[in-house]
Amino acid sequence: MPQPELTGGCQCGAVRYRAASLGRAALCHCRMCQKAFGSFFGPLVTGFGVTWTRGEPSWFQSSDVARRGFCRDCGTPLAYDLGPDDGSLEMAIGTLDNPERAPPTIHVNTHDRLSFFETLTALPVRDESVRPLTERRKGAPVVSHQHPDHDTAVWPPKEGFAA
Amino acid sequence: MTDYFTGGCQCGAVRYRVAGPVRHASICNCRMCQKALGNLTAPFVSFQAPVEWTRSRPTLFRSSMRVQRGFCNQCGTPLTYQRGDMPISLTIGSLDRPNVVVPTVELARDNRHPVIGHIDELREESQGATDEERDILAILRSYQHPDQDTEAWTPGGGQ
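Here you go:
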């Protein structure tokens, strides 16, 4: 059975993309990925045949050799472009509609790896049951404005978001 | 003299400072945080003192009814998460010294990306032979704002 299409995009849905196939997935620990992603590492997978199917990212030239693509409307980091000859583009794994399609296999630039990185998977989990329901929901369900994890013909919804 | 935590976006257009102490530091695996940060998990910290914006301010996206997320509209760096009137949370990677804030709790573990539980089993890419080769900033000209406040700064300047 063929795999579903490789699609993804930013949080607000202004920028959407499709990839023909994916290559190596890596966790990059360099300080530039940390800061660009606001995170502990940059999770990047090589995307082949990437096409922008709605909108286009804005680009920030983060060094003399690379630029980084993001959504100007919601900020989601989308891509890292080193301009390789094969036209591939490094895509932010969390922006894939199904990020499980890109399991990382390697750590890169580990010289900047944060000292507590190894402890992150052993953190305690917040016990949701002890937080009062009123604090969590205040009586109403959360209405997400995030684009769904699949392509849409029209976005944002014509009828708007539920109040 | 107060010791401040400082930080900002990659290009340096938005900078902040905040006095301690840390109120709450976490990683969150929920799908909203994953997509907003383009990442597998999202590290956030809030402080007991208010966040002060020392250069410009983030642009806000209302990601759900009660939550706004702030980012730099020049370079995209995700910077903040704020629910209602709760204290602003900052992305830990945007701190100038992210290693001084250690998360103590994990949120939305049921949505963990599968690699998170096996992160120490990944192989490591071989490093360069010299310190210079090992330091990516030594082999390219970075346009990232330095990890400290600057008197004056032109984002992406010198290109």
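From first to last, the protein sequence lines stand for chains A and B.
Under our numbering, the very last position in the first sequence is 163; numbers go up by exactly one each time.
Under our numbering, the very last position in the second sequence is 322; numbers go up by exactly one each time.
From the three backbone atoms N, C-alpha and C, an ideal C-beta is built for every residue, glycine too.
Practice problem: Compute every distance between the C-beta of TYR244(B) and the non-hydrogen atoms of the ligand ZN, then say whether any falls below 7 Å. | Solution: This structure simply doesn't include the ligand ZN, nor any ligand for that matter.
CB-CB under 6 Å to CYS235(B), same chain, minus the five flanking residues each way: which ones, in chain order? CYS172, ALA176 and VAL177
Practice prompt. State the Cα-Cα distance for the pair TYR17(A) and ALA92(A), rounded to the nearest angstrom.
Written response: 12 Å
Item to complete: Run the CB neighbour count on HIS276(B), radius 10 Å, all protein chains shown included, and call it buried at 16 or more, exposed below.
Response: buried
Exercise for the section: Would you mind sorting GLY42(A) into buried or exposed? The rule is 16 or more other CB atoms within 10 Å of its CB. Expected result: buried
Inset, instruction - Report the residue from VAL108(A), ASP73(A), GLY55(A) and GLY47(A) whose alpha carbon sits nearest the alpha carbon of ASP86(A). - result: GLY47(A)
How about LYS35(A): is its C-beta nearer than 8 Å to some C-beta of chain B?
yes
- Message: Out of GLY75(A), ALA153(A), ARG113(A) and SER88(A), which one is the CA nearest neighbour of THR95(A)?
- Response: GLY75(A)
Could you give the uninterrupted runs of the beta strand (DSSP E) lying entirely in the stretch 207-253 of chain B, keeping only those of 3 residues or more?
215-218, 222-227, 230-234 and 241-246
Between the alpha carbons of ALA26(A) and THR317(B), how many angstroms are there, rounded? 31 Å
key: Backbone CA spacing between ASP149(A) and THR165(B) [nearest angstrom]   = 45 Å
Grab me the residues of LEU270(B)'s own chain with a C-beta within less than 6 Å of its C-beta, minus the 5 sequence neighbours each way, in chain order.
SER189 and CYS191
Considering Cα atoms alone, identify which of ARG260(B), GLU288(B), VAL265(B) and PRO241(B) is closest to THR254(B).
PRO241(B)
Residue-level contact to chain B via CB, LEU114(A), 8 Å cutoff:
yes
- Examine the Cβ distances between the stretch 52-72 of chain A and the stretch 247-267 of chain B and report whether three or more of them are shorter than 8 Å. no
So is HIS147(A) buried or exposed if we call it buried at 16+ other beta carbons inside 10 Å?
buried
Quick one: list the residues of chain A neighbouring ASP298(B), beta-carbon separation under 7 Å, in chain order. HIS111
**OP:** Look at the Cβ atom of PHE37(A), then the Cβ atom of PRO99(A), and state whether they are nearer than 8 Å.
**Re:** no
Strictly under 8 Å for the Cβ-Cβ distance: is VAL214(B) near chain A by that measure? no
| message | Quick check: what's the CA-CA separation for GLY239(B) versus PRO57(A)? | response | 10 Å
### Task
On a CA-only basis, which of SER226(B), TYR244(B), GLN245(B) and VAL230(B) is nearest ASP73(A)? Give me that one, please.
SER226(B)
**8 Å Cβ cutoff, ARG304(B) in contact with chain C** = As a matter of chain content, chain C is missing from the structure shown, whose protein chains are A and B.
| task | Mark HIS281(B) as exposed unless 16 or more other C-beta atoms lie within 10 angstroms of its C-beta, in which case mark it buried. | result | exposed
- Task: Give, in chain order, every residue of the stretch 89-100 of chain A whose Cβ lies closer than 8 Å to some Cβ of chain B.
- Result: ALA92, ILE93, GLY94, THR95, PRO99 and GLU100
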